[in-house]
Amino acid sequence: MSGQGGSAAPALVSLLLLLWHRAAAIEVPLDPKIQQDLKQPPTITKQSVKDYIVDPRDNIIIECEGKGNPVPAFSWRRNGKFFNIAKDPRVTMRKRSGTLEIGFRSGGRPEDYEGEYQCFATNDFGTALSNKILLRVSKAPLWPKEVLEPEVVTEGSSLVLPCNPPPGLPPPITFWMDSLMNPIPQDERVSTGLNGDLYFSNVLVQDAQTDYSCNARFLFTHTIQQKNPITLRVQTTEPFNDTSHNASDPWGGRKVAESTPTFLSPSGTESAKMVLRDEQLQLECIAAGLPTPTIKWFKKGGELPLRKVKFEKYNKVLRIVNVSEEDAGEYVCMAINHIGSIRHSIFVQVKAAPYWLDKPTDLVLAPDENGRLVCRANGNPKPNIQWLHNGLPIEMAMPSTNRQVLGDTILFRSVQIGSTAVYQCNASNEHGYLLANAFVSVLDMPPRMLGPKNQLIKVIKNKRTFLDCPFFGSPLPELRWFKNGQGSGLDGGQYRAYINGTLEIKRALAEDEGTYTCVASNILGKAENQVRLEVKDRTRIVGAPEHQTSIRGSTARFVCQVNSDPSLPITVTWTKDDKPIHLGWRLKKDGESLTIPNVNEGDEGLYTCTVASEIDQDSASARLTVLDRPDPPMDLDLSDPAARSVRLTWIPGNDHRSPITEFLVQFEEDRWEPGRWQDLASFPGELNSVILQLAPFVNYQFRVIAINSVGQSQPSRPSPRYKTSGAAPDAIPRGLRGWGSKKDNMEISWEPLLDLERNGPNLHYHVWWRRKDSGEPWSNVTTADSKHVVQSTDTYVPYEIKIQARNEFGSGPESNVITGYSGEDKPTEAPADLRVSRVDSTKANIHWKPVNLSSVQGEFKEYRLYYWRESSLVPGLSFSKEKKTKGFYSTVAEPSAILSDLVPFSKYKMFMVVANNRYEGPPSNTVEITTKEGVPDAPRFFKISLRSLDTISLEWDKPVEPNGILIGYQLKYHTVNGSRLGRPQLETFLPNVTDFAMRLSGRSTRYKFFLSALTQVGAGESIAEELPHFANEAYIDQVDIATQGWFIGLMCAIALIILILLIVCFIKRSRGGKYPVRDKKDLPLDPVDQKDQDGSFDYQ
């Protein structure tokens, strides 16, 4: 029997746990209405700490706050007995709270209320307990009065000055000072122990120069108490000399016996230390010895946990925070000096007060449901678990078939309304205890909808969508969804219903729009709610802003094109580097675009366009890069000096995101054009060190300009000056020529060397000349000018000329020999036998006999013909007699030429001369010619006007040059239809006719006209006009009708008729004519009026 029972018990426990797993506790929502109506056992929400130390100068407040429905009542036990608050006038309890306030205004001692307190919160559904609160009053006792004898110690030996502070609550913090309140310096030799004593590893004579007083600081009372000072006397074997003392030899040159290390604390070779889990472990080793020993720590059988270990007080204290079980073991401290070493082992044992593994939590169940409370805790030693029911041991509670206690677990089966209670779990061992309250509440409640009624939800098409229907009830209701009030519940396919009331639509489409109803039901009733769903098009950016690179000072514009559902309002916002943009006088947002005028480097960054509707948003980004001219190069340096070169090195400036493509090196010299910067050379942008080719005898300074795609930088700061040495000229003077300004001289001129071509001081020129092909020796002259005049030459004689530049350093290269000429004189001969062989209307062939070229007395240039229009054969024609010239170059024996551009039907005269570069010779014989008649020029003007709706007027004027006797005009015209011309028609007119009226064949017909003048030779150049398109067919020549006779007569007749009518009217009124007044018969008349029967009256 016993064997069968033993095997069945674990199986029963397993079965009960399995049954519990099949039923989950109800999770009560935080909805205020539910919480307000929900009946709930009491819960402790706030309480004082377990070890509660209070300041005796203040009132005592012991906290205990709780909640429940109905509101719980509070009571207290003190030292295990009921604490009757009503009988103690000093103790009050706060309203709707269990917090105690103990006041001492009317007397009493706080120490009388020390003890163990526990709070009880009770309502109709159970009792909750607080921890047991140990109340103690803080104490700060005085030092005992004692007379302290001086401490006498031998130099070099160790010393411990005891502190022994008075026991306080909590214990005081100790520190050492002298009687003048100066802290005692601490180092490897002198330090304070964890117990407050002052330890000297070895004593120096100078330690006796001060006294020593232990001080205790009490935290609660904020007071410091000082022990009587201790005087120290140090005995020495040799006299002490203060002047010989120094840091490297504290013994002042005296011999003091050295000693191996010994431990002052702890004593012996080993000790033990117990520490609780999660607390702080402090191990201390203080050693004596001379020289002062150093302390080292290690853990036997393992490494020190470096992330948790801290060494303090010059390695004398090892501290570990948040101790855990793996920190247990043997710790070894070793004291070492050069005499020897010593070890001490400290065996650390880690114990643990109880700590939670599985803290019991409140349990809400529906009737007939199962559940469990679990209370699991660990500690060292293993804690004992005790269950209480409403504050009493569970063994004292009424037996229940629905409850079973299995060690650290209570199982509940088929609970009923009466099963509601508060359970306490107490886990305790010798180091402490844990107390936790957990209630079991059996709840029955009909279904309730917790969400807003008739909610409208807008979602994006094709998105996964959730329709929420939060509900509550006990037992847990069953929830079903319906669409548009039809069909069975929605679950499966496109839909998925969750037990929390949420309906998932996997992909919302337009056909999913409608009204959805959720219905929650349990055995106590049902509740329903509706959700209306609208499916909207997605808000999206269809034209994203593009990355831009802008030059500083230009305008950048980002465009963000958006598509969205027309029923959803949208907002477009812009950010820069994820920060809002402040729109204002410069940055402008216009609809879907952002404009940034006058960009600068501060505008550079990532710009993001975010378009948002009430249910979704989209964003796109683009980067703005601002380009600018580069910064000027820096730190110009000259190196590698040579006679005609130097190396220039610089540091390029910031290129502002546009690579430097070129560096321009400029120079300034202070001799010829000081202050003027000139370009020297350009170099590729990847170089920053170049060799500059220089001219001699120049005092240079340089600057560099960087160039990129935006433009040039500001010039750099000038380099130091660099002066090149002088040299003979390298250049040959340019532009050497010889020419005569008079008939008996020759001027030799040239372009002077440029300033940078001088190469030295005292620049002058050496010039040579001689008559060409004469075999004469060279004549020469040296001059600083840029010309030399050779006098007394023959007329127009060739000379050979050359030149050379010279300065103080030597002569430059000679030029090539050129040919120059002396001056010219007037030609002595005239062309002979000038004649004309053939003349037409505009040209004439001319002939003459040439002159002897030696008579030209200079360079033969041309035969120059002077001609002018003497008269016109057209009667009365005015013209100009301006003399014209035309040159002919010919060296043949019988020269001839054609004179063109003559005016027809005119008489001309002409003569010819020969010319050199300076002079003309005597004239030839004069010849007279008459040109033949030609065709006339075009008429001066030709215009068309509309005289009536079907008649046009054509007007023109005579040609400027008729070129003959005019015999008339001819007019050709044809109709125009697009690009096609109709059959031409011809009209001729006498020479004195200059207008023509023409009747149009139709209002829409268009014509093109060609008009030319005629002579006996033929028709001249024609002038063309096209009939214009007259607006509204109403363009007619404007005539001032006010000046026309017929109009004046008509106006006079009208005026006469009006005058006659006015005279007749006046006569009729004077005779009392009758005027009908029937249109005013409803108005009352004056009694004196003589009214006729016909409705009229006499006007008097």
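Going by the numbering used here, the letters in the sequence shown line up with residues 18 to 1117, in that order.
All residues carry an ideal CB built from backbone N, CA and C; glycine is no exception.
Quick caveat, the model's predicted, so the values are computed rather than measured.
Note that the C-beta distance between residue 137 and residue 65 is not below 8 Å.
In the three-state scheme derived from DSSP, where H, G and I count as helix and E and B as strand, residue 999 is classed as coil. Under DSSP, residue 662 takes part in a beta bridge, and its partners are 710. Every beta strand (DSSP E) stretch that sits fully inside the segment 323-364 and reaches 3 residues is listed by chain position as 326-329, 334-337 and 346-353. In this structure, residue 847 sits near residue 939, with a CB-CB distance shorter than 8 Å. Residue 1086 carries a helical assignment under DSSP once its states are collapsed to helix, strand and coil. Boundaries of the alpha helix (DSSP H) around residue 52: 49-54. For residue 796, the closest C-alpha among the options 876, 663 and 787 is that of 787. If the five residues before and after residue 708 are omitted, its C-beta is found closer than 6 Å to the C-beta atoms of 662 and 664, all from its own chain and listed in chain order. Considering only 1034, 1036, 1018 and 1064, the residue with the shortest C-alpha distance to residue 1044 is 1018.
Fewer than three pairs of CB atoms, one per stretch, sit closer than 8 Å, so the segment 68-88 makes no contact with the segment 163-175. The three-state secondary structure of residue 652, taken from DSSP, is strand. Ranking 197, 290, 249 and 302 by CA distance to the CA of residue 210 puts 302 first. Excluding five sequence positions before and after residue 252, the CB atoms of its chain that fall closer than 8 Å to its own CB belong to 169, 170, 171 and 172, given in chain order. Each residue's CA atom was taken as its position, placing residue 783 and residue 742 some 23 Å apart.
Distances from the alpha-carbon of residue 329 to those of 113, 311 and 317 put 311 closest. Fewer than three pairs of CB atoms, one per stretch, sit closer than 8 Å, so the segment 48-55 makes no contact with the segment 428-441. Secondary structure note for residue 767: its beta strand (DSSP E) is the uninterrupted segment 762-768. Residue 444 sits close to residue 400, with the two beta carbons spaced by under 8 Å. Cα atoms of residue 816 and residue 698: separation of roughly 41 Å, rounded to the nearest angstrom. No Cβ-Cβ contact shorter than 8 Å links residue 575 with residue 521.
Just measuring C-alpha positions, the residue of 412, 56 and 865 sitting nearest residue 456 is 56. Boundaries for residue 922: no beta strand (DSSP E) harbours it, and the DSSP string shows neither H nor E there.
Per DSSP, the beta-bridge partners of residue 986 are 1006 and 1030. The shortest C-alpha to C-alpha distance from residue 523 to any of 645, 506 and 512 is the one to 512. The beta carbon of residue 1039 lies closer than 8 Å to those of 955, 989, 1027, 1028 and 1029 in the same chain, with the five residues before and after it left out. Taking a C-beta distance under 8 Å as the contact criterion, residue 753 and residue 767 qualify as a contact pair. In the structure shown, residue 910 adopts coil according to DSSP, grouped into three states. Assignment of residue 1063 by DSSP, reduced to helix, strand and coil, places it in the helix class.
Distances from the CA of residue 607 to each of 1041, 619 and 590 were compared; the closest alpha carbon is that of 590. A distance below 8 Å between beta-carbons, with the five flanking residues on each side excluded, links residue 728 to the following residues of its chain, in chain order: 646.
In this structure, the beta-carbon distance from residue 79 to residue 150 falls below 8 Å.
With fewer than 16 other beta carbons inside 10 angstroms of its own, residue 1002 counts as exposed. At the C-beta level, residue 476 and residue 425 stay beyond 8 Å of one another.
Of the residues assessed, residue 409 falls on the exposed side of the cut-off, its CB having fewer than 16 other CB atoms within 10 angstroms. Rounded to the nearest whole angstrom, the CA to CA distance from residue 423 to residue 403 is 11 Å.
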